[in-house]
Amino acid sequence: MKLHLSKIANQNIFTAHGAGFVAVNGERFENAIVVTPTQIFSDWKAQDFDQLNEADFNYFVTLQADIVLLGTGPRQRFAHPRLYRALTDARIGVEFMDTPAACRTFNILMAEDRKVVAGILFR
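Numbering that gives the first Met the number 0 numbers the first residue of the sequence shown as 0 and each following residue consecutively.
Printed below as a string of structure tokens:
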């Protein structure tokens with residue numbers, strides 16, 4: 000599905016999503032990524048929701064976000080709170096949603112100039 004949102008200068012937006020991919024500013028990604036309003040990281044070790052561990056969530060702490068959106072693939076899933084304890088201890092909110100919802104929510108929060116980060120998984 001294509002998402003329609005005017006490009007904001009020098010800001011990342013999700014421009015499409017579908018089975019097994021997302022696009023950021025028109026660039027297609029088929030592996031797990033982390034997106035901030037100004038950066039795209041493809042070095043996040045997480046690839047599969049069932050294999051998430053504390054280190055996968057600790058990755059987000061240094062990104063200085065107010066909220067982390069975790070796109071959990073085609074359906075919404077929730078991680079055990081012990082896995083993201085470092086985020087809650089750092090007063091960073093964590094929201095779990097299916098990947099298409101995470102893409103849409105990221106675009107809205109980013110347009111509101113919020114400190115948002117999206118971690119996108121496909122499985």
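C-beta atoms are modelled at their ideal positions from N, C-alpha and C, and glycine is treated no differently.
### Query
Whose CA, out of Glu-53, Lys-44 and Gln-38, lies closest to the CA of Gln-63?
Here residue 63 refers to the residue found at position 64 of the sequence shown. Considering only alpha carbons, the answer is Gln-38.
### Query
If you draw a straight line from the alpha carbon of Lys-1 to that of Asp-97, how long is it in whole angstroms?
Position 2 of the sequence shown, counted from the start, is the residue given in the question as residue 1. Position 98 of the sequence shown, counted from the start, is the residue given in the question as residue 97. Summary for Lys-1: the model assigns pLDDT 49, below 50, so the residue's position carries little reliability; its value from the coordinates is reported in the next sentence. Rounded to whole angstroms, Lys-1 to Asp-97 spans 16 Å at the Cα level.
### Task
Kindly indicate the opening and closing residues of the beta strand (DSSP E) around Ile-66.
Taking the first residue of the sequence shown as 1, we reach residue 66 at position 67. 66-71 is the extent of the beta strand (DSSP E) around Ile-66.
### Residues that Ile-12 bridges to, as DSSP identifies them
Along the sequence shown, one-based indexing puts residue 12 at 13. DSSP, once it has assigned bridges, lists no residue as partnering Ile-12.
#### Entry: Buried/exposed call for Asn-24, threshold 16 Cβ in 10 Å
Numbered from 1 along the sequence shown, position 25 holds the residue referred to as residue 24. Its Cβ having fewer than 16 others within 10 Å, Asn-24 is exposed.
### Task
Determine the closest residue to Asn-9 out of Ile-119, Phe-121 and Ala-110, with distance taken between C-alpha atoms.
As a working note, residue 9 is residue 10 in the sequence shown. The shortest C-alpha separation from Asn-9 is found at Ala-110.
### Query
Would Leu-68 pass as a contact of Thr-104 if the rule is Cβ separation under 7 Å?
Numbered from 1 along the sequence shown, position 69 holds the residue referred to as residue 68. Numbered from 1 along the sequence shown, position 105 holds the residue referred to as residue 104. Contact: yes.
#### Entry: Which residues DSSP lists as bridging Val-33, in chain order
By one-based count along the sequence shown, residue 33 stands at place 34. Val-33 pairs with Phe-40 and Gly-118.
### Query
Sorted by chain position, which residues of the same chain lie with C-beta nearer than 8 Å to Phe-59's C-beta, five sequence neighbours on each side aside?
Against the sequence shown, residue 59 aligns to sequence position 60. Same-chain partners within the cutoff: Val-33, Val-67, Leu-86, Ile-91, Val-116 and Gly-118.
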